[in-house]
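Data block below; observations after.
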Amino acid sequence: MTIINITIPLGLIQQIEDYSRIVNDILKHDVSLNILKFSTSSGGINILLDLPEEKIKEITESLKSNDVQINRKGRISYDQEKCLFCGACISLCPTEALRYKDDDSIEFSEGDCIGCLLCVDACPTNAIMED
Amino acid sequence: MIITTKTYQEINRKIKSKDAIVVTAEEMIKIVEENGSKVAAEEIDVVTTGTFGPMCSSGAFLNFGHSDPPIKFEHLWLNEVHAYHGNAAVDCYIGVTRMADKRPFEYGGGNVIEELVAGKPIRLRGISNTTDCYPLGEIDTYFTIDDLNQSILCNPRNAYQRYVCAVNSTDRTLYTYMGKLLPNFGNAHYAGSGCLNPLTNDPDYETIGIGTRIFLGGGIGYVMGEGTQHNPKNRFGTLFLKGDLKQMRSEYLKGVNYEQYGTSMFCGVGIPIPILNEGLAKKTAIKDKDIITDIVDYGTPRRDRPTIRKTNYEELKSGLIEINGKKIKCSSLSSLYHARQIAKELKEWIEDGKFFLNPPAETLPIETDFKPMKQVSELKFVKDLKRGAVICYEDCDIDIVAEKIVQKNTNHIVITDRDQYLKGIVTSFDVTKAVAKKKTILKDIITKRVITTTDNEPADVAARKMRKHEISALPVIDDKNKVVGIITSEELM
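Listed in order, the protein sequences are those of chains P and W.
In the numbering used here, each residue carries its 1-based index in the first sequence increased by 165.
In the numbering used here, each residue carries its 1-based index in the second sequence increased by 6.
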């Protein structure tokens, strides 16, 4: 399974029918997906979806055609200079983009980051910031 | 009977001639495993330990010297962080959890100490009632650490022997001094460096005591004695530490802030353990798996939080712990990397003949109790203050709800099904809005996600829920989600 991060922008849903349209489009693909996280922010509704690898392309196309944003990976910046190598972020990261190295220092792998932003407010030195 | 194999004098002689054999507590494990504790006690002179984590009970005494004309502070601020003044004219104590008046939760006493040690200028603003001997009423100036007479780090409680692992059973994210805890046991946090922790390596306090010379914040410090809340019977010993900030380095004193909790400071502490006998060789070889601690549910907002189960530092450091059959991610709030660096640096100081060991003037108490606070007023619970909820069924009309509001003179109608299970809440304002928008179906105006409380929740916890969510009432439910009353801001006032 692969995790993608989508945002339903504020204002996109005006009527219940708008929801139905988006959901029905996804249902056409006959796929079981997990919703890992559902949160709201000033920008809209943020959802983390866990999808089968082979369905990613068609599902994202379907979402995009309904004006749902597919967030690019790695929406955070990590400043190793500021990092104290504690682990306040590590347990929050769902993909191990933030991880301990063998010497227990910490590294950030941008390619693995799905931009869920769970780590941002957990960092005690503001070494992790939203891009 | 413990047979002494070495004395402090012998060890110090070896340090002076740079012949002392020093290893870190991590290295000692392998040495004892391979050679046995008897050989290790003969060969190893000193084991170094280290820890680097948030230590909220930290702060510094500063003395500014006298102004002209002189001032006796009543209140003073360092970079807008209120410092404590209750000593002589120009002494103060700056604590790390004190937050800046204008930027709380972002900047605090820990940041001031870090910047001071880094050599940055600090703004000093103070006011005074004025006296015949101290006539100056106000001061606003800048100073650096070099301008101070004394700057003494003085931490009443540091370097916990071990600490608990925190999890969260509730359905919302908690922001605590144990970091961000995700709902439904979504993650776990622990603290301390396990087998590298200073007191863990001297669990019977044979060598660590009043006057012990240590690594503190990158400089040399001393143990002043037992820390506050020292709890030796439960192996939660703590240390009261002091040291000269002018010798320290800001890389080992780091101001931090925890979301919705506040500020603190990471403090680097390293303590050398002289291997005076075989018993100490054995003790300093303690492994992570033998350091047991509790996994505690921080979802219970009470002093005595429930323990989920026991764990050990080996499991904690593995990054995953099992709760209710599910593996959850677990990480540290303190830095194992820097704890190791501290133990290594202290080892180098001793190997280089720059740091000597001394016996304590007195060892730490081993019998102290850690008592809870004495509270003279009785703790009030929701069940003591709640009243009967005015209830409407989910399938009734808005008119009936409106009628009840008037009849019972209340602002909150709890909506249930026929079996009293909670379905939602409607306020008089919701009804007013419905009239304005010409809505007639109750279903459309119910708030379904209701913040609730229970009989046994302390009234103050219920009050905080209302403040936090900006609401004025909480339905009281039992463990099956049945409504057993309501508590409103009126009862709590």
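The C-beta atom is built at its ideal place from N, Cα and C for all residues, glycine as well.
field: Members of the segment 258-269 of chain W that neighbour chain P once the beta carbon cut-off is set at 7 Å
entry: K260, V262, N263, Y264 and E265
Distance between I406 of chain W and V437 of chain W (C-alpha atoms, nearest Å): 11 Å
task: Closer than 9 Å by beta-carbon distance: list the chain W residues that pair up with G280 of chain P, in chain order.
output: Neighbours of G280 of chain P on chain W: none; closest Cβ ~17 Å, over 9 Å.
query: Run through DSSP, which three-state label would R393 of chain W get?
result: strand
- request: Reducing DSSP to helix, strand and coil, say where A66 of chain W ends up.
  value: strand
message: Quick check on DSSP: helix, strand or coil for L205 of chain W?
response: helix
field: Own chain partners of N417 of chain W with C-beta closer than 6 Å, once the 5 adjacent residues on each side are dropped
entry: T433 and S434
Beta-carbon proximity check, G325 of chain W vs S199 of chain W, cutoff 8 Å: no
field: Helix, strand or coil at H194 of chain P [DSSP, three-state]
entry: coil
field: CB of I492 of chain W within 8 Å of CB of V420 of chain W, strictly
entry: yes
message: My output table needs one value for L428 of chain W: the three-state DSSP class, helix, strand or coil.
response: strand
field: Residues of the segment 248-276 of chain P with Cβ closer than 7 Å to any Cβ of chain W, in chain order
entry: L249, F250, C251, G252, A253, I255, S256, L257, D268, D269 and S270
- prompt: Which residues in chain P sit within 7 Å of Y343 of chain W, going by Cβ to Cβ distance?
  reply: F250, D268, D269 and S270
field: First and last residue of the uninterrupted beta strand (DSSP E) at N170 of chain P
entry: T167 to P174
query: Would you say L216 of chain P and K202 of chain P are within 8 Å of each other, going by their C-beta atoms?
result: no
Y258 of chain W, buried or exposed, once every other Cβ within 10 Å from all chains shown has been counted against 16: buried
- request: Quick one: grab the DSSP three-state call for E272 of chain P.
  value: strand
- prompt: Can at least three beta-carbon pairs, one atom from the segment 24-32 of chain W and one from the segment 347-358 of chain W, be found at a separation below 8 Å?
  reply: yes
task: Pull up the distance between the alpha-carbon of V490 of chain W and that of A479 of chain W, whole angstroms please.
output: 14 Å
- request: State the start and end residues of the unbroken beta strand (DSSP E) segment that holds Q156 of chain W.
  value: Q156 to N164
query: Looking at C-alpha atoms only, which residue of W:T13, W:E86 and W:E112 is the closest neighbour of V52 of chain W?
result: W:T13
field: Spatial distance of S242 of chain P from I293 of chain P (CA atoms)
entry: 6 Å
- prompt: Can you tell me whether M7 of chain W is buried or exposed, with buried defined as 16 or more other CB within 10 angstroms of its CB?
  reply: Reliability of the predicted coordinates at M7 of chain W is poor, the pLDDT of 49 falling under 50, and the value obtained from them is presented with this limitation in mind. Exposed, because fewer than 16 other Cβ atoms sit within 10 Å of the Cβ of M7 of chain W.
query: Using a beta-carbon distance below 8 Å, is H195 of chain W in contact with chain P?
result: yes
message: I want to see whether chain P comes within less than 8 Å of C336 of chain W, judged by CB atoms only; does it?
response: yes
- prompt: Helix, strand or coil for M7 of chain W per DSSP?
  reply: Residue placement at M7 of chain W is poorly supported in this model, since its pLDDT is 49, which falls under 50; the coordinates are not used for a value here.
message: Using a Cβ-Cβ cutoff of less than 6 Å, which residues in the same chain neighbour D207 of chain W once the five nearest sequence positions on both sides are dropped?
response: One point to set straight first is that residue 207 of chain W is Asn, not Asp, in the sequence displayed. Taken in chain order, the residues that qualify are A31, T55, I279 and T290.
- prompt: I255 of chain P by DSSP, collapsed to three states: which one?
  reply: helix
- prompt: Taking Cβ-Cβ distances below 9 Å as the criterion, which residues of the segment 202-215 of chain P are in contact with chain W?
  reply: none
query: Skipping 5 residues on each side, what residues in its chain have a beta carbon closer than 7 Å to that of V188 of chain P?
result: none
Chain W within 8 Å of D286 of chain P, Cβ atoms only: yes
- request: Can you tell me which of the three DSSP states L177 of chain P falls into?
  value: coil
query: Counting Cβ pairs, one atom from each stretch, are 3 or more of them under 8 Å apart for the segment 238-257 of chain W and the segment 97-114 of chain W?
result: no
contact_flag[the segment 297-313 of chain W, the segment 166-174 of chain W] where n(CB pairs < 8 Å) is 3 or more: yes
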